[in-house]
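The structure appears below as structure tokens.
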Amino acid sequence: MKDKLTIKAKKEGYKARSAYKLLQLNNKYNLIKKGDEVLDLGCWPGSWLQVCWKTGCECIGVDLRKTNLRLSNIKTYQLDVFSDKFFEVINEKFDVVLSDMAPNTSGNIEIDQFKSYELSERAFEIAKKLLKENGNFLVKIFQSEDANELLNKMRKYFKFVKSTKPVSSKKGSKEIYFMGVGFIVG
Ligand SMILES: C[S@@+](CC[C@H](N)C(=O)[O-])C[C@H]1O[C@@H](n2cnc3c(N)ncnc32)[C@H](O)[C@@H]1O
Numbered sequence: 525m526k527d528k529l530t531i532k533a534k535k536e537g538y539k540a541r542s543a544y545k546l547l548q549l550n551n552k553y554n555l556i557k558k559g560d561e562v563l564d565l566g567c568w569p570g571s572w573l574q575v576c577w578k579t580g581c582e583c584i585g586v587d588l589r590k591t592n593l594r595l596s597n598i599k600t601y602q603l604d605v606f607s608d609k610f611f612e613v614i615n616e617k618f619d620v621v622l623s624d625m626a627p628n629t630s631g632n633i634e635i636d637q638f639k640s641y642e643l644s645e646r647a648f649e650i651a652k653k654l655l656k657e658n659g660n661f662l663v664k665i666f667q668s669e670d671a672n673e674l675l676n677k678m679r680k681y682f683k684f685v686k687s688t689k690p691v692s693s694k695k696g697s698k699e700i701y702f703m704g705v706g707f708i709v710g
């Protein structure tokens with residue numbers, strides 16, 4: 525049975541229910557705003573890009589899968605974030621880096637946590653290279669003891685760091701989001 529948010533997303537024209545996670549976090553923390561240049565890692569099918577577009581941002585989205593979204597000021601690339609070519613393709617600076625990347629789950633919790641940790645570490649590496657001074661970073665990670673290591677590493681690079689879970693995350697979901705506000709250029 526489809527849950528309420530999936531039905532609401534369909535009605536409101538969003539590609540996925542994930543849209544409400546970004547909307548809720550943004551209402552609370554003001555991570556993206558009109559005029560921002562945003563990099564969205566793991567953008568398929570495109571609901572976070574839709575939220576950014578409605579907010580008035582210019583976006584680049586990256587995903588392993590091809591994202592079919594035709595909106596002004598939104599450009600997407602089918603690209604692996606671990607690709608050697610990544611920084612050749614994406615080499616501009618951004619006000620905000622978002623990552624909702626998730627691995628294909630295997631059913632083995634430890635393997636899935638590890639893969640999610642690797643993806644979020646990579647997102648952090650990308651954010652450190654491509655964020656403008658004072659920029660913001662939001663990254664999804666599956667909860668684990670190691671996950672807190674990433675949060676601790678983020679503390680050195682942002683004025684404010686927080687771990688949060690949007691109310692629209694599915695019940696029982698192990699995902700949490702780490703937020704870094706106010707990037708400090710080293
Ligand atoms: C939960 S979905 C993102 C949903 C998206 N935020 C939205 O609102 O439409 C996670 C995405 O991460 C992508 N992903 C996983 N590993 C990746 C990688 N190595 N490089 C790029 N994208 C990756 C997957 O292909 C998947 O589409």
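Under our numbering, the first residue of the sequence shown is numbered 525, with each subsequent residue one higher.
C-beta: ideal position from N, C-alpha, C; glycine also.
Note that the coordinates shown come from a computational prediction; the quantities given were computed from them, not determined experimentally.
- Annotation for F606: no alpha helix (DSSP H) segment contains it, and DSSP assigns it neither H nor E.
- Look at the beta carbons and you see the segment 648-656 not touching the segment 587-596: under three pairs across the two are nearer than 8 Å.
- For T688, the three-state secondary structure derived from DSSP is strand.
- Contact between F618 and E561 holds: CB atoms are separated by about 5 Å, below the 8 Å threshold.
- Per DSSP, the unbroken alpha helix (DSSP H) holding Y641 starts and ends at 633-654.
- T629 counts as exposed, since fewer than 16 other beta carbons sit within 10 angstroms of its beta carbon.
- Between the alpha carbons of I531 and R589 lies a distance of about 24 Å.
- In the DSSP assignment, the residues bridged to E699 are F666.
- When the beta-carbon positions are compared, K664 and Y701 come within less than 8 Å of each other.
- In terms of side-chain proximity, the C-beta atom of L565 is found nearer than 7 Å to a non-hydrogen atom of ligand 1.
- Judged by DSSP secondary structure, V613 falls within the alpha helix (DSSP H) whose first and last residues are 610-613.
- Distance from L603 to E645 at the Cβ level is roughly 18 Å; contact not present, criterion being Cβ atoms closer than 8 Å.
- Residue side-chain check: F618 keeps its Cβ at 7 Å or more from all non-hydrogen atoms of ligand 1.
- In chain order, V705, G706 place their CB closer than 7 Å to the CB of F684, counting only its own chain and leaving out the 5 sequence neighbours on each side.
- Here the alpha carbons of S697 and I614 stand approximately 31 Å from one another.
- Taking 7 Å as the cut-off, the C-beta of W572 counts as close to a heavy atom of ligand 1.
- Short of 6 Å from the beta carbon of E582, and not among the five residues preceding or following it, lie these beta carbons of its own chain, in chain order: E561, N597.
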